[in-house]
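The structure appears right after this line, and notes come after that.
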Amino acid sequence: MRQFARPFPITRLSLEARVLYTGFLLFLVLGFVSSAWLYADSFGRLSGQSAAEYYRGGAAPAEPTAKADTAGGPALELPSDGPALELPGETAAAAPMRLEKPARQVMETFHFHLFTVPVVLLIVGHLFMLTALSTRLKVGVITVASVATFVHLLAPLLVRFVGPQWGWLMPVSVVGAAVGWLPMLLWPLWEMWRPMPAAPEVTAG
73 MRQFARPFPI TRLSLEARVL YTGFLLFLVL GFVSSAWLYA DSFGRLSGQS AAEYYRGGAA
133 PAEPTAKADT AGGPALELPS DGPALELPGE TAAAAPMRLE KPARQVMETF HFHLFTVPVV
193 LLIVGHLFML TALSTRLKVG VITVASVATF VHLLAPLLVR FVGPQWGWLM PVSVVGAAVG
253 WLPMLLWPLW EMWRPMPAAP EVTAG
């Protein structure tokens, strides 16, 4: 860990260190891809209303029903003095209900993430600090990632225990986390493995 105590360019890491850090970052990239899928499957869209319905319960959006194909069939002629027949028409599918998330489940999720996510943020942030980007840019990216991550962890508690008016924090924190985390994951990979220009040859005078 001496490279973190006295930072030097990430390009000077040994080959085994670059292989190890690359594997770590690629695992995290896959984790973010799976997180995006889980978010889309749970919330459906980036909106405060969907976040409020997920944690506080409500009707999930109904899927469109397929229209029955009635063309091409034989015509039925019913006598005018016969009983009226009520044929089933096209009815909309009832929207499934979402139950309110149990308070303990929300708190346990917050508790587990509160101890694990900051550790990952610390490691990724240190790798990002070794890049050749300007100090101002690195401070900005790390700040955005840290604040967005904290808000994303806190938002479910606010929505579930305070009120649905805090639902907007979920999509905002998702976008903020993407803006902060993706550069910290991808840029170190680029700098570790990008082709380096050949050093100029020094000729004896």
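Just so you know, we're using my numbering here: the sequence shown kicks off at 73 and counts up by one. We treat Cβ as the ideally placed atom computed from N, Cα and C, and that holds for glycine.
Problem - N-terminal and C-terminal residue of the alpha helix (DSSP H) that residue 284 is part of - result: Because residue 284 is not part of the residues shown, which for the chain are 73 to 277, the question remains open.
Problem - Validate contact between the region 214 to 223 and the region 169 to 180 using beta carbons, cut 8 Å, 3 pairs - result: no
Handout entry: Integer Cβ distance of residue 110 from residue 243, believed to fall under 8 Å
Key = Start at 1 with the first residue of the sequence shown, and residue 110 comes out as number 38. Start at 1 with the first residue of the sequence shown, and residue 243 comes out as number 171. With 8 Å as the limit, residue 110 and residue 243 do not qualify as a contact, their Cβ atoms being about 15 Å apart.
Practice task
Using DSSP bridges, identify the partner residues of residue 242.
Solution key: Along the sequence shown, one-based indexing puts residue 242 at 170. When beta bridges are read from the DSSP output, residue 242 appears opposite no residue.
Practice task
Indicate whether the contact test is met: 3 or more Cβ pairs, each with one atom in the region 230 to 250 and one in the region 119 to 130, closer than 8 Å.
Solution key: yes
Problem - Burial state of residue 252 (16 or more Cβ within 10 Å) - result: On the sequence shown, residue 252 is found 180 positions in, with the first residue counted as 1. So residue 252 counts as buried.
Problem - Beta-carbon proximity check, residue 267 vs residue 127, cutoff 7 Å - result: Position 195 of the sequence shown, counted from the start, is the residue given in the question as residue 267. Position 55 of the sequence shown, counted from the start, is the residue given in the question as residue 127. Judged by their CB atoms, residue 267 and residue 127 are not nearer to each other than the 7 Å cut-off.
Practice task
Answer with buried or exposed for residue 203, where buried requires no fewer than 16 other C-beta atoms within 10 angstroms of its C-beta.
Solution key: Position 131 of the sequence shown, counting from 1, holds the residue named residue 203. Buried is the call here.
Exercise for the section: Please report the residue range of the alpha helix (DSSP H) in which residue 196 lies. Expected result: Here residue 196 refers to the residue found at position 124 of the sequence shown. 175 to 201 is the extent of the alpha helix (DSSP H) around residue 196.
Exercise for the section: Give the straight-line distance between the Cα atoms of residue 209 and residue 176, rounded to the nearest whole angstrom. Expected result: Working through the sequence shown from its first residue, we reach residue 209 at position 137. Working through the sequence shown from its first residue, we reach residue 176 at position 104. Taking the straight line joining both Cα atoms gives about 39 Å.
Practice task
Just mark residue 184 as buried or exposed, buried being the case when its beta carbon has 16 or more other beta carbons within 10 Å.
Solution key: To locate residue 184, count along the sequence shown from 1; it is residue 112. Residue 184 should be labelled exposed.
Exercise for the section: Tell whether a beta-carbon distance below 7 Å holds between residue 197 and residue 220. Expected result: Sequence index remark: in the sequence shown, residue 197 carries index 125 (1-based). Sequence index remark: in the sequence shown, residue 220 carries index 148 (1-based). No, these two residues do not count as a Cβ contact at 7 Å.
Practice task
Identify the continuous alpha helix (DSSP H) that holds residue 90 and give its terminal residues.
Solution key: Stepping through the sequence shown from its first residue, residue 90 is reached at position 18. 87 to 115 is the span of the alpha helix (DSSP H), which, as asked, contains residue 90.
Exercise for the section: Keeping to the same chain, check which residues put their C-beta closer than 7 Å to that of residue 101; ignore five residues upstream and five downstream. Expected result: By 1-based counting over the sequence shown, the position of residue 101 is 29. Contacts found: 257.
Practice task
Report the three-state DSSP secondary structure of residue 205 (helix, strand or coil).
Solution key: Position 133 of the sequence shown, counted from the start, is the residue given in the question as residue 205. Residue state, collapsed to three classes: coil.
Handout entry: Proximity to residue 195 [Cα-Cα], best of 83, 106, 260 and 125
Key = Translated into the one-based positions of the sequence shown, residue 195 becomes position 123. With distances taken between Cα atoms, residue 195 lies closest to 260.
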